[in-house]
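S.K.: Below is the structure I would like to discuss, written out as structure tokens.
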Amino acid sequence: MKKLITFALIGFLAQLIDGSLGMAYGVTSTTLLLTFGIAPAVASASVHLAEVVTTAASGVSHIKFGNVDKSMVLKLIIPGSIGAFVGACFLSNLPGDAVRPYVSTFLLLLGVYVLFRFLFTFKTNEEKSTKPLSTKQSIPLGLIAGFADATGGGGWGPIATPVLLAKKGTTARKVVGTVDTSEFAIAVSATLGFLISLGWEQVNWFWVGALMIGGIIAAPIAAWFVRIIPAHLLGSLVGGFIILTNARTLLNTWISSSSTQIAVYAFILIVWAAAIIYSLLQGKKYNQNRNVEVS
Numbered sequence: 006m007k008k009l010i011t012f013a014l015i016g017f018l019a020q021l022i023d024g025s026l027g028m029a030y031g032v033t034s035t036t037l038l039l040t041f042g043i044a045p046a047v048a049s050a051s052v053h054l055a056e057v058v059t060t061a062a063s064g065v066s067h068i069k070f071g072n073v074d075k076s077m078v079l080k081l082i083i084p085g086s087i088g089a090f091v092g093a094c095f096l097s098n099l100p101g102d103a104v105r106p107y108v109s110t111f112l113l114l115l116g117v118y119v120l121f122r123f124l125f126t127f128k129t130n131e132e133k134s135t136k137p138l139s140t141k142q143s144i145p146l147g148l149i150a151g152f153a154d155a156t157g158g159g160g161w162g163p164i165a166t167p168v169l170l171a172k173k174g175t176t177a178r179k180v181v182g183t184v185d186t187s188e189f190a191i192a193v194s195a196t197l198g199f200l201i202s203l204g205w206e207q208v209n210w211f212w213v214g215a216l217m218i219g220g221i222i223a224a225p226i227a228a229w230f231v232r233i234i235p236a237h238l239l240g241s242l243v244g245g246f247i248i249l250t251n252a253r254t255l256l257n258t259w260i261s262s263s264s265t266q267i268a269v270y271a272f273i274l275i276v277w278a279a280a281i282i283y284s285l286l287q288g289k290k291y292n293q294n295r296n297v298e299v300s
């Protein structure tokens with residue numbers, strides 16, 4: 006019972022972060038399962054099976070709160086599903102650990118760009134002129150993000166969210182809601198791939214059930230958070246989170262010194278905190294100017 010509560014809490018926190026920032030459920034949950042000695046393919050299969058339920062709950066919640074661009078969802082789910090299915094079927098033959106640092110480097114740079122854009126170049130009126138996602142953009146994005154999600158136990162959000170946020174004229178809350186909603190199709194496709202490759206008997210239903218329970222509870226709360234958090238603040242939160250999570254991967258891969266890792270983490274957290282404070286001050290300044298114009 007104690008383990009069930011622990012994993013349900015992990016599922017709750019993972020979905021709360023994922024539903025609010027558009028990423029981290031798979032990464033958080035898979036990391037936890039791996040620490041308990043579960044094989045990577047089985048851990049990823051268990052997480053994706055849980056995500057079939059949690060992403061459905063998250064998608065319904067985001068749609069209810071108006072956080073979803075339905076046309077963007079439709080353009081992402083087909084290539085994303087294909088990439089996830091292929092990635093799941095061939096996980097055991099892929100050098101995921103060797104490729105992960107290079108993907109993390111790319112994502113970290115995207116995180117820096119996202120943070121910079123929402124701190125210094127983002128304008129509130131951009132939310133009124135969201136540019137549609139073209140087919141040429143959606144196909145490679147969906148294929149790569151879906152493939153990475155299945156092979157790494159989490160990658161749909163970490164790849165799709167920063168790429169879409171880096172696109173000018175994109176609403177932050179709709180990016181998060183769209184990525185979370187489209188992830189349902191990716192989770193279903195990856196699960197089918199794993200079940201074909203591994204079989205039902207390899208799935209740890211205890212982990213799956215616990216993660217499902219926590220995720221279902223957190224889904225509507227996270228969707229509500231996205232609805233009320235200002236876009237510039239949400240962008241800063243997402244950008245900082247992208248930088249922090251991918252810096253962790255790079256540090257664990259290339260730097261063994263714990264003191265150096267701590268120093269880098271401290272620097273990132275200080276910069277992230279400063280960015281959040283700056284975003285809050287900018288938001289306050291904008292509201293004051295708007296009130297003056299109205300009066």
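So for the sequence shown, the numbering used here puts the first residue at 6; every next one is plus one. C-beta atoms are modelled at their ideal positions from N, C-alpha and C, and glycine is treated no differently. In this text the structure is predicted, and so the values were computed from the model without any measurement.
By alpha-carbon positions, which one of L14, Y30, A62 and V269 ends up nearest to G162?
M.R.: In the sequence shown, counting from the first residue as 1, residue 162 sits at position 157. It is Y30 whose Cα lies nearest to the Cα of G162.
S.K.: Give me the Cβ distance between L285 and V269, rounded to the nearest whole Å; I'm assuming they're in contact under 8 Å.
M.R.: Position 280 of the sequence shown holds residue 285. Position 264 of the sequence shown holds residue 269. Actually they are not in contact, since the Cβ atoms of L285 and V269 sit about 25 Å apart, beyond 8 Å.
S.K.: Could you compute how far the alpha carbon of A215 sits from the alpha carbon of I281?
M.R.: Within the sequence shown, numbered from 1, the residue matching residue 215 stands at position 210. Within the sequence shown, numbered from 1, the residue matching residue 281 stands at position 276. One C-alpha to the other measures close to 33 Å.
S.K.: With a threshold of 16 other CB atoms inside 10 Å of the CB of F272, please say whether the residue is buried or exposed.
M.R.: Here residue 272 corresponds to residue number 267 of the sequence shown, with the count starting at 1. Exposed.
S.K.: If contacts are defined as beta-carbon pairs under 8 Å, then T60 and F189 qualify, I think. What distance do you get, rounded to the angstrom?
M.R.: Stepping through the sequence shown from its first residue, residue 60 is reached at position 55. Stepping through the sequence shown from its first residue, residue 189 is reached at position 184. Going by Cβ atoms, the distance from T60 to F189 rounds to 4 Å, so yes, they are a contact pair.
S.K.: With respect to 7 Å, is the separation between the Cβ of I233 and the closest non-hydrogen atom of the ligand COA below this value?
M.R.: No copy of the ligand COA occurs in the structure displayed, which carries no ligand at all.
S.K.: Cα-Cα, which of K75, W277, V193 and F123 is closest to L301?
M.R.: Within the shown structure, residues of the chain are numbered from 6 to 300, placing residue 301 beyond reach of any answer.
S.K.: Going by C-alpha distance, which of K172, S263 and T156 is nearest G88?
M.R.: The count along the sequence shown starts at 1 and reaches residue 88 at position 83. Out of K172, S263 and T156, T156 has the C-alpha closest to the C-alpha of G88.
S.K.: What residues in its chain sit with their C-beta under 7 Å from that of S86, if we drop five residues either side in the sequence?
M.R.: Locating residue 86 in the sequence shown gives position 81, counting from the first residue. Same-chain partners within the cutoff: G151, A190, I191 and S194.
S.K.: What three-state label does DSSP hand I87 in the structure shown?
M.R.: Stepping through the sequence shown from its first residue, residue 87 is reached at position 82. Helix at I87.
S.K.: Closest by CA to P1, which one among G204, Y118, V213 and E206?
M.R.: With the chain running from 6 to 300 in the structure shown, residue 1 is simply not present.
S.K.: Please list the terminal residues of the continuous alpha helix (DSSP H) segment that includes V168.
M.R.: As a first step, residue 168 must be located in the sequence shown, where it is residue number 163. Its alpha helix (DSSP H) spans residues W161 to L170.
S.K.: In angstroms, rounded to a whole number, what distance separates the CA positions of V181 and W205?
M.R.: For this step, residue 181 is matched to residue 176 along the sequence shown. For this step, residue 205 is matched to residue 200 along the sequence shown. Going by the C-alpha atoms only, they are around 31 Å apart.
S.K.: Which parts of the stretch 235–279 are runs of the alpha helix (DSSP H), unbroken and 4 residues or longer, counting only runs that do not cross its ends?
M.R.: Listed in chain order, the complete alpha helix (DSSP H) runs (minimum 4 residues) inside the stretch 235–279 are 236–259.
S.K.: Do the CB positions of A55 and V213 come within less than 8 Å of each other?
M.R.: Counting from 1 along the sequence shown, the entry for residue 55 is found at position 50. Counting from 1 along the sequence shown, the entry for residue 213 is found at position 208. A contact, by the Cβ cut-off of 8 Å.
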